[in-house]
Amino acid sequence: MIVTIDGVAASGKSSVASGVAQRLGVPYLSSGLLYRAATYSGLNAGLSMASSSLKAPALLAQLERFPVQLQPEAGGNRVYQQRAGERQDITPFLHTSTIDAGVSAVAQLPQLREWVNAQLRTLPAPFVAEGRDMGTAVFPQAEYKFFLVASPRVRAERRVKERRDELDAVEAALLVRDLHDQKQSAPAPDAVVIDTGELGLEEVIARVMATLPLAVDSE
Ligand code: DC
-3 MIVTIDGVAA SGKSSVASGV AQRLGVPYLS SGLLYRAATY SGLNAGLSMA
47 SSSLKAPALL AQLERFPVQL QPEAGGNRVY QQRAGERQDI TPFLHTSTID
97 AGVSAVAQLP QLREWVNAQL RTLPAPFVAE GRDMGTAVFP QAEYKFFLVA
147 SPRVRAERRV KERRDELDAV EAALLVRDLH DQKQSAPAPD AVVIDTGELG
197 LEEVIARVMA TLPLAVDSE
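As C-alpha cells, this is what we get:
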C-alpha cells in the first residue's frame, strides 16, 4: 500500500505524514529532505543557488562524490552523507532559511528531480510518501492520495513557531517559494484536498485515517 501526502510549503505535510505512518505502522518518506540535502551539498561545494547559474551536472557531481541517503522512519526521516570515509547525519542542517531560499532552484532542475525520484522508487512499499508530486509524478499508482493546503498567513505563523523568524518576512518567503514550486505542486485528480488552516494536527491525521479503509483506530 502507498499513501501519498502532498501539499504546499509549511502546510503540515511532514507532521501529518509522520502521524499517519505511525498509526499504520509503516515508514514515511520525506522527498523534500532529499531536495534539501542536494541544496546543502551544493552550498557546501560553493555552488551558487541562483536559478540562472545553477547547473545540474555540477550538483550531481557533488552528490556522486559525497553520496546522500534518506533513512525513512515513521517517527522522522534522517539524511546521511558519506564524507571522507565517514557517515555524517546532516538532518539538523536541512531546515534553515538559507536552504529554504536555495531549494526551489534545485527542485526546478529535471535531472535533480530524477535523482530524487530514483532514490524514492528503490524503497519497498508499504509507506507514506510526502512532498509535492508524490501522487502525480512519482507514485501515480498510489491507492490513497491527499493534498494539504492552508493560507499563506497560517503557514507563516506555523513556521515562525519553528524558526523564530519575523512573520511578514516568512510569509513573503513562502509566497516566493509557492510561486517557484507551483509547477510540481498540483493535486492529483484523485487526491483528497484538505485545508489544514482551521484544523489541528490530530484532526488532519484523523481525517486522513478516516479515508483509509485499512485504518484500525482503536479509540
Ligand atoms: O517539503 P519541503 O518544504 O521540505 O520541500 C523543500 C523543497 O523541495 C520545496 O521548496 C519544493 C521541493 N520539493 C519538490 O519540488 N518536490 C517534492 N516532491 C518535495 C519537495
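If you count the sequence shown from 1, position 218 lands on 214 in our numbering, and the numbers rise without skipping.
Heads up, the beta-carbon is just placed ideally off N, CA and C, and yes, glycines get one too.
Of the residues the options, the one placed nearest residue i, counting alpha carbons only
| i | options | result |
| --- | --- | --- |
| residue 152 | 167, 50, 143 and 140 | 167 |
| residue 122 | 69, 204 and 49 | 69 |
| residue 72 | 23, 171 and 150 | 23 |
| residue 82 | 115, 89 and 62 | 62 |
| residue 173 | 133, 98 and 26 | 98 |
| residue 67 | 45, 29 and 186 | 29 |
| residue 150 | 159, 163 and 138 | 163 |
| residue 115 | 26, 7, 169 and 80 | 26 |
| residue 6 | 201, 204, 107 and 157 | 157 |
| residue 148 | 175, 136 and 74 | 175 |
| residue 80 | 64, 139 and -3 | 64 |
| residue 21 | -2, 31, 118 and 88 | -2 |
| residue 41 | 48, 59, 47 and 134 | 59 |
| residue 107 | 50, 209 and 8 | 50 |
| residue 184 | 203, 169, 135 and 197 | 135 |
| residue 138 | 48, 186 and 195 | 186 |
| residue 140 | 8, 209, 18 and 39 | 209 |
| residue 109 | 76, 133 and 39 | 133 |
| residue 112 | 89, 75, 85 and 88 | 75 |
| residue 39 | 85, 89 and 8 | 89 |
| residue 171 | 207, 155 and 160 | 155 |
Per DSSP, the bridge partner or partners of residue i
| i | result |
| --- | --- |
| residue 123 | -2 |
| residue 175 | Bridge partners of residue 175: none, in fact. |
| residue 85 | 76 |
| residue 3 | 144 |
| residue 64 | 77 |
| residue 188 | 142 |
Q. With contact counted as at least three CB pairs below 8 Å, one residue from each stretch, are the stretch 175 to 186 and the stretch 51 to 61 in contact?
A. Taking a contact to require three or more Cβ pairs closer than 8 Å, the stretch 175 to 186 and the stretch 51 to 61 do not qualify as touching.
(Q) Pairs of beta-carbons, one from the stretch -2 to 11 and one from the stretch 124 to 135, closer than 8 Å: are there three or more? (A) Counting C-beta pairs with one atom in each stretch, the stretch -2 to 11 and the stretch 124 to 135 have three or more that are closer than 8 Å, which means they touch.
Q.
I'd like the ranges of any beta strand (DSSP E) spanning at least 3 consecutive residues and lying wholly in the stretch 7 to 58.
A. The stretch 7 to 58 contains these whole beta strand (DSSP E) runs: 24 to 26.
(Q) Quick test of the definition: if touching needs 3 or more C-beta pairs under 8 Å, does the stretch 92 to 106 touch the stretch 35 to 49? (A) With the cut-off at 8 Å, the stretch 92 to 106 and the stretch 35 to 49 touch.
Q) Enumerated in chain order, which unbroken segments of the alpha helix (DSSP H) with a length of 4 residues or greater are wholly contained in the stretch 111 to 166? A) If we require 4 residues or more, the alpha helix (DSSP H) runs fully inside the stretch 111 to 166 come out as 148 to 159.
Q.
Check whether the stretch 143 to 151 and the stretch 87 to 97 are in contact - that is, three or more C-beta pairs closer than 8 Å.
A. Contact between the stretch 143 to 151 and the stretch 87 to 97 is absent, with fewer than three C-beta pairs closer than 8 Å.
Q. Between the stretch 183 to 200 and the stretch 6 to 13, do at least 3 Cβ pairs fall closer than 8 Å?
A. In short, these stretches touch, since the Cβ pair count reaches three.
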